[in-house]
Amino acid sequence: ESNGQVGRIHCTGATAKLLVEAGKSHWVNEREDIISAKGKGEIQTYWIAPRASGDTHEDEDVDSEVDEPCPLRVFDLSIQSSRQNRLVNWNVEVLSSLLRQIAAVHIDTGVNLKPKESPSLRLREGSTALNEVTEIIRLPGFDESKIGLLKTDPETIELNELVQSELKDYVTTIASMYQPNSFHNFEHASHVTQSTSKLLKRIVMSDNDHASDKELTKEDLHTYSHGLATDPLTQFTLVFCALIHDVDHPGVSNFQLVAEKTTLARVYNNKSVAEQNSVDIAWDLLMDERYSHLRSAIYCNQKELVRFRQMMVNIVLATDIFDKDMKAIRERRWAKAFSDGFEEGAPLPVTGSVQERVRDSPLSEIDGINLKATIVIEHLI
């Protein structure tokens with residue numbers, strides 16, 4: 555970035571070579587001067603100027619183009635709107651598929667889908683999402699009697715029309731609440747959703763390489779994935795959080811929001827400002843009365859609601875990768891769960907907000923599994 559120029563696309567020799575091999579040599583112009591890149595030393599770089607192959611002629615002075623900045627693209631708003639609609643529809647399709655998995659479990663286990671009283675959750679007044687982050691999210695254990703009941707193919711389920719309509723409206727509204735930032739925008743959120751969905755499938759889908767010569771059982775999958783493979787609510791929440799994780803992002807870093815002493819920074823006590831704001835925006839919208847059928851499709855009792863909220867908070871707050879205290883806590887938890895060489899006496903930052911287990915308190919087998927699941931969920935996002 556420090557060696558680039560406004561309005562121009564700058565690349566390394568490796569990228570230039572790939573473009574040439576792809577038949578796009580007419581896009582690539584060698585930069586006249588050698589630049590000094592941090593960590594790489596002096597290197598030859600190139601300008602990329604996408605254009606039709608007919609625009610370049612053999613007698614053209616290619617070097618003369620280097621001094622002329624590439625024209626900035628002017629975007630047609632109707633095209634942008636069409637693109638956003640396609641992204642909305644794609645996100646709705648992905649989330650609908652996960653809702654069908656939740657519905658299949660509810661049907662096969664006899665869960666009442668229309669409770670007399672919808673579950674509700676009253677958040678503590680004056681508290682923030684960061685105060686809710688917990689060390690361990692407790693997922694459902696493996697229950698062979700219940701798992702054995704699961705016969706319904708989710709793909710055969712047709713979601714209630716009201717659920718589908720509310721989901722489409724919710725995703726469309728979330729899309730409109732993303733600001734037109736150069737990076738933290740709805741396209742970025744959709745990309746993260748796609749990546750999360752892809753990574754999640756690699757965790758929860760059967761892979762016989764892990765089971766030598768035998769077919770993986772549901773219990774094998776449950777154990778291998780630390781419980782993620784057999785809990786569709788967790789899977790839905792992960793992808794849902796990927797979609798909403800940067801909603802209403804102001805387009806600048808938390809450091810800048812704090813430095814400017816913004817109202818947003820004061821509201822969230824100068825910690826994980828953008829992330830906490832996104833949690834509150836997405837949660838308040840979902841709790842609106844017009845999404846009652848959608849909420850019933852996600853969770854059907856108080857226990858599931860509490861777990862949905864806890865996962866949402868932990869997952870979105872985990873996207874703040876620059877907070878040193880939170881990063882240190884995540885690294886210590888990873889070592890505690892997966893490393894044999896973990897030292898119980900290692901120092902920990904004190905944040906005064908994250909609920910951490912007492913250092914020398916031993917983990918039960920179930921808590922150990924759930925700690926691993928929590929870490930995998932947070933690292934995945």
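Each residue of the sequence shown is one higher than the last, beginning at 555 in my numbering.
For each residue, glycine too, the CB sits at the ideal point set by N, CA and C.
Buried or exposed: where does ILE656 fall if 16 or more other Cβ atoms within 10 Å of its Cβ makes it buried? buried
By the 10 Å Cβ neighbour count, where 16 or more other Cβ atoms means buried, how is ASP707 classified, buried or exposed? exposed
My assumption, with CB atoms under 8 angstroms, is that SER650 sits in contact with LEU721. Please give the rounded CB distance. 6 angstroms
Simplified DSSP assignment, three categories, for CYS795: helix
GLU773: buried (16+ other C-beta within 10 angstroms of its C-beta) or exposed? exposed
Assigned secondary structure, HIS660 (DSSP; H/G/I helix, E/B strand, else coil): helix
Length-filtered (3 minimum) beta strand (DSSP E) runs lying within the region 564-599: 582-584, 589-591, 595-597
Stretch pair the region 798-806 + the region 732-744: three plus CB contacts closer than 8 angstroms: yes
Would TYR978 and LEU792 qualify as a contact pair, given that the criterion is a beta-carbon distance under 8 angstroms? With the chain running from 555 to 935 in the structure shown, residue 978 is simply not present.
Measuring straight from C-alpha to C-alpha, what distance separates ILE920 and ARG692? 9 angstroms
For HIS505, which residues of its own chain have a beta-carbon under 7 angstroms away from its beta-carbon, when the five flanking residues on both sides are left out? Residue coverage of the chain in this structure runs from 555 to 935, which leaves residue 505 outside it and unanswerable.
The alpha helix (DSSP H) with SER744 in it runs from where to where? 740-758
Following the continuous alpha helix (DSSP H) through LEU716, name the residue where it begins and the one where it ends. 715-731
Do LEU684 and LYS594 have their beta-carbon atoms positioned less than 8 angstroms apart in this structure? no
Take GLU932 as the anchor and find which of LEU754, GLY680, GLY664 has the nearest alpha-carbon. LEU754
Bridge-paired residues (DSSP) for ILE602: ILE563, VAL582
Which whole-angstrom value describes the C-beta separation of GLN830 and ALA729, a residue pair presumed to lie in contact below a C-beta threshold of 8 angstroms? Not confirmed; about 21 angstroms, so no contact.
Nearest-angstrom Cα separation, counted from ARG756 out to ASN583: 40 angstroms
Environment of MET880 [buried if 16+ CB atoms lie within 10 Å]: buried
Jot down the residue ranges of each uninterrupted alpha helix (DSSP H) in the region 818-846, minimum 4 residues, whole runs only, in chain order. 827-840
Identify whether THR816 lies in helix, strand or coil by the three-state DSSP scheme. coil
Taking the C-alpha atoms as reference points, what is the distance between LEU675 and ASP842? 13 angstroms
Along the chain, where does the alpha helix (DSSP H) that runs through TYR778 open and close? 772-778
Spatial neighbours of THR928 in its chain, beta-carbon cut-off 6 angstroms, leaving aside the 5 residues before and after: ILE690, ILE691
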